[in-house]
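**Q** Sharing a structure, written as structure tokens. Questions coming.
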Amino acid sequence: MKRLLERLRIRRSISEELEAHLEEKTAALMESGLPEAEARLRARREFGNVMLIAEDSRSSLGWARVENLVMDLRYAFRMLRRSPAFTTVAVLSLALGIGANTAIFSLLDALVWKMLPVANPHELWAAGRAGTSGKASDPHSYPLYVLWRDQNRSIGSLAAAGSFTWRDTSAGSNRAARVGQLVSGNYFDVLGVPALIGRCLTREDDSIEGAGGPQGAVAMLSYRYWSGAFHRDPAALGQSINVNGVWLTIVGVAPPEFFGIQVGSSPDIFLPITLQPLVMAPENLLHNYRNSETTWVTVMGRIPRNVPQTEVRNDLTRLYAQYALTRMNPADQRAFQSGTKPLSEHIVLEPAGRGFSQLRERFSQPLQVLMVLVAIVLLIACSNVANLMLARANVRQREIAVRLAIGAGRFRVLRQLLVESLVLSLAGGTLGLLFAVWSGRLLVGMLPQGPVPLMLDIGPDPRVLGFTLTVSLLTGLLFGLAPAWRATRPAASGDLNHQRTHGAKQSGMRTGRAVVVVELALAVQLLAGAGLFIGTLRNLDSVPAGFKREHVLQLRINVDAGGYSRSQWATVYQQIGERLAAVPGVTAVSLANRGLIEAGVTRSGPVHFPGYLFPPGDNRQLPETYIGPDYFDAAGIPLRMGRTFTSRDGSPSMQVAVVNEEVVRRYFAGRNPIGQRYGFGDSPDQIEIVGVVADAKYNDLRQEATPMAYYPWPQVMPARLNAAVVRTQGDPAALSAALRRAVTSVHPDIFIDARTLTSQIEGSLVRERLLAHLSGFLGALAMLLAWVGIYGVMAYGVARRTSEIGVRMALGAVPRDVVRMVVRESLLLAVSGIALGLPVAFWLTRFTRSFLFGIEPNDPVVLVAAGTSLLLVCALAGWLPASRAAHIDPTTALRYE
Amino acid sequence: MDEPTTRDLFPGSLEMMILETLRRQPMHGYALAETIRRASNDLLQVEEGTLYPALLRMLKAGWVSAEWGVSARNRRVRIYRISAAGRKQLEREVSAFERMLEGFRRVMGTQS
Numbered sequence: 001m002k003r004l005l006e007r008l009r010i011r012r013s014i015s016e017e018l019e020a021h022l023e024e025k026t027a028a029l030m031e032s033g034l035p036e037a038e039a040r041l042r043a044r045r046e047f048g049n050v051m052l053i054a055e056d057s058r059s060s061l062g063w064a065r066v067e068n069l070v071m072d073l074r075y076a077f078r079m080l081r082r083s084p085a086f087t088t089v090a091v092l093s094l095a096l097g098i099g100a101n102t103a104i105f106s107l108l109d110a111l112v113w114k115m116l117p118v119a120n121p122h123e124l125w126a127a128g129r130a131g132t133s134g135k136a137s138d139p140h141s142y143p144l145y146v147l148w149r150d151q152n153r154s155i156g157s158l159a160a161a162g163s164f165t166w167r168d169t170s171a172g173s174n175r176a177a178r179v180g181q182l183v184s185g186n187y188f189d190v191l192g193v194p195a196l197i198g199r200c201l202t203r204e205d206d207s208i209e210g211a212g213g214p215q216g217a218v219a220m221l222s223y224r225y226w227s228g229a230f231h232r233d234p235a236a237l238g239q240s241i242n243v244n245g246v247w248l249t250i251v252g253v254a255p256p257e258f259f260g261i262q263v264g265s266s267p268d269i270f271l272p273i274t275l276q277p278l279v280m281a282p283e284n285l286l287h288n289y290r291n292s293e294t295t296w297v298t299v300m301g302r303i304p305r306n307v308p309q310t311e312v313r314n315d316l317t318r319l320y321a322q323y324a325l326t327r328m329n330p331a332d333q334r335a336f337q338s339g340t341k342p343l344s345e346h347i348v349l350e351p352a353g354r355g356f357s358q359l360r361e362r363f364s365q366p367l368q369v370l371m372v373l374v375a376i377v378l379l380i381a382c383s384n385v386a387n388l389m390l391a392r393a394n395v396r397q398r399e400i401a402v403r404l405a406i407g408a409g410r411f412r413v414l415r416q417l418l419v420e421s422l423v424l425s426l427a428g429g430t431l432g433l434l435f436a437v438w439s440g441r442l443l444v445g446m447l448p449q450g451p452v453p454l455m456l457d458i459g460p461d462p463r464v465l466g467f468t469l470t471v472s473l474l475t476g477l478l479f480g481l482a483p484a485w486r487a488t489r490p491a492a493s494g495d496l497n498h499q500r501t502h503g504a505k506q507s508g509m510r511t512g513r514a515v516v517v518v519e520l521a522l523a524v525q526l527l528a529g530a531g532l533f534i535g536t537l538r539n540l541d542s543v544p545a546g547f548k549r550e551h552v553l554q555l556r557i558n559v560d561a562g563g564y565s566r567s568q569w570a571t572v573y574q575q576i577g578e579r580l581a582a583v584p585g586v587t588a589v590s591l592a593n594r595g596l597i598e599a600g601v602t603r604s605g606p607v608h609f610p611g612y613l614f615p616p617g618d619n620r621q622l623p624e625t626y627i628g629p630d631y632f633d634a635a636g637i638p639l640r641m642g643r644t645f646t647s648r649d650g651s652p653s654m655q656v657a658v659v660n661e662e663v664v665r666r667y668f669a670g671r672n673p674i675g676q677r678y679g680f681g682d683s684p685d686q687i688e689i690v691g692v693v694a695d696a697k698y699n700d701l702r703q704e705a706t707p708m709a710y711y712p713w714p715q716v717m718p719a720r721l722n723a724a725v726v727r728t729q730g731d732p733a734a735l736s737a738a739l740r741r742a743v744t745s746v747h748p749d750i751f752i753d754a755r756t757l758t759s760q761i762e763g764s765l766v767r768e769r770l771l772a773h774l775s776g777f778l779g780a781l782a783m784l785l786a787w788v789g790i791y792g793v794m795a796y797g798v799a800r801r802t803s804e805i806g807v808r809m810a811l812g813a814v815p816r817d818v819v820r821m822v823v824r825e826s827l828l829l830a831v832s833g834i835a836l837g838l839p840v841a842f843w844l845t846r847f848t849r850s851f852l853f854g855i856e857p858n859d860p861v862v863l864v865a866a867g868t869s870l871l872l873v874c875a876l877a878g879w880l881p882a883s884r885a886a887h888i889d890p891t892t893a894l895r896y897e
Numbered sequence: 001m002d003e004p005t006t007r008d009l010f011p012g013s014l015e016m017m018i019l020e021t022l023r024r025q026p027m028h029g030y031a032l033a034e035t036i037r038r039a040s041n042d043l044l045q046v047e048e049g050t051l052y053p054a055l056l057r058m059l060k061a062g063w064v065s066a067e068w069g070v071s072a073r074n075r076r077v078r079i080y081r082i083s084a085a086g087r088k089q090l091e092r093e094v095s096a097f098e099r100m101l102e103g104f105r106r107v108m109g110t111q112s
């Protein structure tokens, strides 16, 4: 390196050295008696061309390439500085294109592609159960995990983890809701994650059920929580922390990059899994009860490359069969053992190296669609810049011809032009990275937020930086290569004298037009996509939901922290309902087991309806909702027949139900069901239907009509009522504090979270909104870029044809003719672009079908609108140069030549 | 009339002369050219257009090093100095040259 620097120094001072040589020689000649002038002349004559010698010397020193590159860069910067308008437009459009790509890439990478920060993530596998429907679910019951952990012969250590929420009661924490992970003692060992300070949880720590291990109840903190609550003080080790009423000793802190195995969530604390009955009291999930099985732990282990997966799967399946057998009734056991009834679910292995994420399932596809859209935007930006470069190359034809004429090789000039492109694209990439950091945060903000904030690290890590750099370089080559190639073609630049010949110019224009046509065709794709996604969002926003969205507040309630037993639930719910109803401004209120537009549903079966024969294979499940008397008023679901519930309903001996119209349609063939009885299993007529209400959307707005039965909640106690639906007079959000106070007046530790129904619905439409807004934005961007592209080509064309237009006007053309001529030309471009783009869009949009609602992929209105708006943009873009052309003064124009 | 010859006698001869001259004493470019001219009794004149590219080539090869100094006429000049690698190269070249000269002499001798 030192030698390189020295050589660089010598290169720079060669001219100085040669001048010194000349001086020495002159002095020597003068000493021999020559007069100074003659000595100087002779010295110089004998010496020859100083510049040439310096150049020869430099090239013999090597380094020509680096030197040339530095020169190219310097020259490129000078050229770009000289045309600030061109540079600004090019860099900005590239920055938007590259930035949009980087933003979507970083989100996709964080959510879908990136590996967990653990040792050898490729070896990590999770056990899942796939039912006959084929859908795998990850969580299992704890007893099944224990069986696998202790008796598997194929995989060795198996780790388990489940989530829980807790209230931070430490000083200054504002009783914030936090997430924790209950993990098996070997969790950190299996993941290969070391402690930052202190120690990790170990096998001993979860050895005693309900107590922890020999060291008592211990906990490991996340780096983030340690930073926030303990200001990174190592003295946190050994201190106690209260989690849901349980005192735990802090034994370690996890490394900063480790966020557990759930992408998008970031647990604050890790506890041994055997503490579950303490921190989630009164629920004990370490055992199965009667027929119920709670599946809540994710089970994973390492399968080294040399161990076949089938071996592990068979081993786990064998144990699962053993487990399932203990939970069957005697008849099923016999059937299973005799081989006539196989297991309803089987074990599958899923790669776990990327962690788990619900967001991933919901958003990886929409983000991939967006990735395609932003790639198209970048292509448009590229073609725009390519076009600008082409126009510039034509303008610079003389300069390039001179450089070729005085002996620069074609490759040398080509490289110079490419360096200019790369400087542009790298500048665009750098600016784009800033744009991506900013818009990436905006994107994460658009993702659905739970009660605990979403933690997604999309900072520009080396992967993102590498992506941006690669994209920038490819972009530079893409838009730079063709114009540079053209510009240095011997034919294009061979003639210094006739540099305004028509041949070269016309073909330059042709390429420019072709590029614009492609650009417009690409813009059609974006506009079609945007139209479809925006249409979908609008359809969903206006689809009849079956309930009234406005003026409703939905509460999520959890009474567990109050320490009630199951038998006390009914009383507590009753109290909560009364307190809520007493809040001024509340017009109707009802507790329920679930809120409106929430994922998941409770079902019971097998159901019997009088006179209805289920097709064979139907699982005969009837979805159900437990509600209070005012539920239909609160939700705004209209009653169609019969009556709603009163406070007298709910006695287990006189069971009643209100069903929706879909039940009547499906199971009663539209007949009046009031007074009819239905039931489940062994008591087929225990429930009387007293009313019929309108269908509603229960899970999300896309849902087709599904059967639903409503029961008065006292009838099904003990059951959890996790929601309250509150209809208010005025703005529902204004009441949330008063409602919270009303609930916590029953018990201060009851968990409550309030959301307006409208924001709940918005949350359920995040995917659609993300697609609609971003594709809309990208479509607008595409239009803007198309406008710039057309404008550039037309303005350049008008400038070229100044003299021709002058002649036309001298011969009697009026300004209107000129305007018409130019606008017609730009419309011709538009029509060609649209004609090229529409068939492609017709084919391409079919891939968006699964994202659409109430609109067909090749919706003619959308396609026509996309075409028309582009036509409009093109006409507008043509108008400016056209009116400039119309104001050409023939005499000036003719002199222009 | 005896025109001083500027023809490169054979490949590497210029480098050999430069190295040999520098072996005796470090010096700057002009002094080097003058020394060679004088030592050859004006028979060999090194052109600047050949001298400097050769010097820098040798610099790159690591046979010589260079640093700024002051000439006898008190001018700031770059002074070249032979390096250990340069000495080795010179030995190699000289012995190769002598072998060649020996062969040359024998060929010429048999003919006379």
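Protein sequence lines correspond, in order, to chains A and B.
Under my numbering, the first residue of the first sequence is numbered 1, with each subsequent residue one higher.
Under my numbering, the first residue of the second sequence is numbered 1, with each subsequent residue one higher.
All residues carry an ideal CB built from backbone N, CA and C; glycine is no exception.
Bear in mind the structure is a predicted one, so any value in this text is a computation, not a measurement.
Can you tell me the Cα-Cα spacing of arginine 403 of chain A and alanine 893 of chain A, whole angstroms?
**A** If you take the alpha carbons of arginine 403 of chain A and alanine 893 of chain A, they lie about 30 Å apart.
**Q** Measuring alpha carbon to alpha carbon, tell me which residue in A:Ser651, A:Ala352, A:Met328 is nearest threonine 298 of chain A.
**A** When only C-alpha atoms are compared, the closest one is A:Ala352.
**Q** CA-CA distance, aspartate 2 of chain B and arginine 75 of chain B?
**A** Note that aspartate 2 of chain B has pLDDT 40, beneath the 50 cutoff, so the model's placement of it is unreliable and the number below is only indicative. Approximately 33 Å between the Cα atoms of the pair.
**Q** What are the boundary residues of the beta strand (DSSP E) that threonine 165 of chain A is part of?
**A** Unbroken beta strand (DSSP E) run through threonine 165 of chain A: 158 to 167.
**Q** For glutamate 102 of chain B and chain A, any beta-carbon pair shorter than 8 Å?
**A** It does not; no Cβ of chain A falls within 8 Å.
**Q** For tryptophan 247 of chain A, which beta-bridge partners are listed by DSSP?
**A** In DSSP, tryptophan 247 of chain A forms a bridge with A:Asn242.
**Q** Between A:Thr165, A:Arg594, A:Asp889, A:Leu94, which lies nearest to valine 726 of chain A when the distance is taken from Cα to Cα?
**A** Per the Cα distances, A:Arg594.
**Q** Using a 10 Å radius around the Cβ and a threshold of 16 neighbouring Cβ atoms, would you call valine 755 of chain A buried or exposed?
**A** Position check: residue 755 of chain A holds arginine in this sequence, whereas valine was assumed. When all chains shown are included, arginine 755 of chain A counts as buried.
**Q** Per DSSP, what kind of secondary structure is methionine 708 of chain A in: helix, strand or coil?
**A** DSSP places methionine 708 of chain A in coil when its eight states are reduced to three.
**Q** Hey, quick one: how far does the alpha helix (DSSP H) through threonine 26 of chain A stretch, first residue to last?
**A** Its alpha helix (DSSP H) spans residues 14 to 31.
**Q** Contact criterion: CB-CB distance below 8 Å. Does glutamate 15 of chain B meet it with respect to chain A?
**A** It does not; no Cβ of chain A falls within 8 Å.
**Q** Please classify proline 857 of chain A: is it buried, with 16 or more other beta-carbons within 10 angstroms of its beta-carbon, or exposed?
**A** The residue is buried, with at least 16 neighbouring Cβ atoms inside 10 Å.
**Q** Does the distance from the C-beta atom of tryptophan 898 of chain A to that of isoleucine 627 of chain A stay below 8 Å?
**A** Nothing in the structure corresponds to residue 898 of chain A, since chain A is present only between 1 and 897.
**Q** Against chain A, which members of the segment 70 to 94 of chain B pass a CB distance test of less than 7 Å?
**A** So the list reads Ser71, Arg73, Arg75, Arg76, Val77, Arg78, given in the order they occur along the chain.
**Q** For the beta strand (DSSP E) containing glycine 49 of chain B, name the first residue and the last one.
**A** From DSSP, glycine 49 of chain B is part of no beta strand (DSSP E) but of the alpha helix (DSSP H) over 48 to 61.
**Q** Could you say which of A:Gly675, A:Gln554, A:Gly531 lies nearest to leucine 735 of chain A if we only look at CA atoms?
**A** With distances taken between Cα atoms, leucine 735 of chain A lies closest to A:Gln554.
**Q** Output needed for phenylalanine 842 of chain A: all residues of its chain with C-beta closer than 8 Å, excluding positions within five of it in sequence on either side, in chain order.
**A** So the qualifying residues of the chain are Asn858, Leu863.
**Q** Identify, in the order they occur along the chain, each residue of the same chain with its Cβ nearer than 7 Å to the Cβ of glutamine 499 of chain A, setting aside the five sequence neighbours on each side.
**A** At glutamine 499 of chain A the pLDDT is 45, less than 50, meaning the model places this residue with poor confidence; the figure from the coordinates comes in the next sentence. If we look at glutamine 499 of chain A and ignore the five residues flanking it on each side, its Cβ neighbours are Gln397, Arg398, Ala401.
**Q** Within the chosen definition, does the segment 18 to 34 of chain B reach the segment 83 to 98 of chain B through at least 3 CB pairs nearer than 8 Å?
**A** The segment 18 to 34 of chain B vs the segment 83 to 98 of chain B: in contact.
**Q** Pull up the distance between the alpha-carbon of valine 798 of chain A and that of leucine 379 of chain A, whole angstroms please.
**A** The alpha-carbon atoms of valine 798 of chain A and leucine 379 of chain A are separated by roughly 26 Å.
**Q** Apart from the five residues just before and just after serine 141 of chain A, which ones in its own chain have a Cβ nearer than 7 Å to its Cβ?
**A** Excluding positions up to five away in sequence, the list reads Asn288, Glu293, Thr294, Thr295.
**Q** Does DSSP put serine 604 of chain A in a helix, a strand or coil?
**A** Note: serine 604 of chain A maps to strand in three-state DSSP.
**Q** In three-state DSSP terms, what is alanine 126 of chain A?
**A** Note: alanine 126 of chain A maps to strand in three-state DSSP.
**Q** Check distances from the C-beta atoms of the segment 18 to 35 of chain A to those of chain B and list, in chain order, the residues that come in under 8 Å.
**A** Taking 8 Å as the Cβ-Cβ cut-off against chain B, the residues of the segment 18 to 35 of chain A that qualify are Leu18, Ala20, His21, Glu23, Glu24, Lys25, Ala27, Ala28.
**Q** Helix, strand or coil, according to DSSP, for serine 651 of chain A in the structure here?
**A** DSSP places serine 651 of chain A in coil when its eight states are reduced to three.
**Q** Residues of chain A with CB closer than 8 Å to the CB of alanine 66 of chain B, please, in chain order.
**A** Near alanine 66 of chain B (Cβ distances below 8 Å), the residues of chain A are Ile10.
**Q** My guess is that leucine 51 of chain B and alanine 33 of chain B are in contact by the Cβ rule of under 8 Å, so how many angstroms apart are they, rounded?
**A** Leucine 51 of chain B to alanine 33 of chain B, Cβ: 6 Å. Contact.
**Q** Hey, would you say leucine 537 of chain A sits closer than 8 Å to alanine 772 of chain A, going by beta carbons?
**A** Yes, they are a contact pair.
**Q** Does any C-beta atom of chain A lie closer than 8 Å to the C-beta of leucine 44 of chain B?
**A** Not one chain A Cβ lies under 8 Å of leucine 44 of chain B.
**Q** If you follow the alpha helix (DSSP H) that serine 775 of chain A is part of, which residue opens it and which one closes it?
**A** That run of the alpha helix (DSSP H) goes 766 to 800.
**Q** Is it true that the CB of alanine 588 of chain A sits closer than 8 Å to the CB of aspartate 649 of chain A?
**A** For aspartate 649 of chain A and alanine 588 of chain A, no; Cβs fall outside 8 Å.
**Q** Against chain B, does leucine 61 of chain A count as a neighbour if the rule is that its beta carbon must be under 8 Å from one of theirs?
**A** Closer than 8 Å: yes.
**Q** Using a beta-carbon distance below 8 Å, is proline 53 of chain B in contact with chain A?
**A** For proline 53 of chain B, the answer is yes, since a Cβ of chain A falls inside 8 Å of its Cβ.
**Q** Contact criterion: CB-CB distance below 8 Å. Does proline 4 of chain B meet it with respect to chain A?
**A** Reliability fails at proline 4 of chain B, whose pLDDT of 42 lies under 50, so the model's placement of it is uncertain and the value that follows must be treated cautiously. No, because no Cβ of chain A sits closer than 8 Å to the Cβ of proline 4 of chain B.
**Q** So what does DSSP say about serine 170 of chain A, is it helix, strand or coil?
**A** Serine 170 of chain A: coil per DSSP, three-state reduction.
**Q** Whose Cβ in chain B lies nearer than 7 Å to the Cβ of serine 57 of chain A?
**A** Per Cβ cutoff of 7 Å: Tyr52, Pro53, Leu56.
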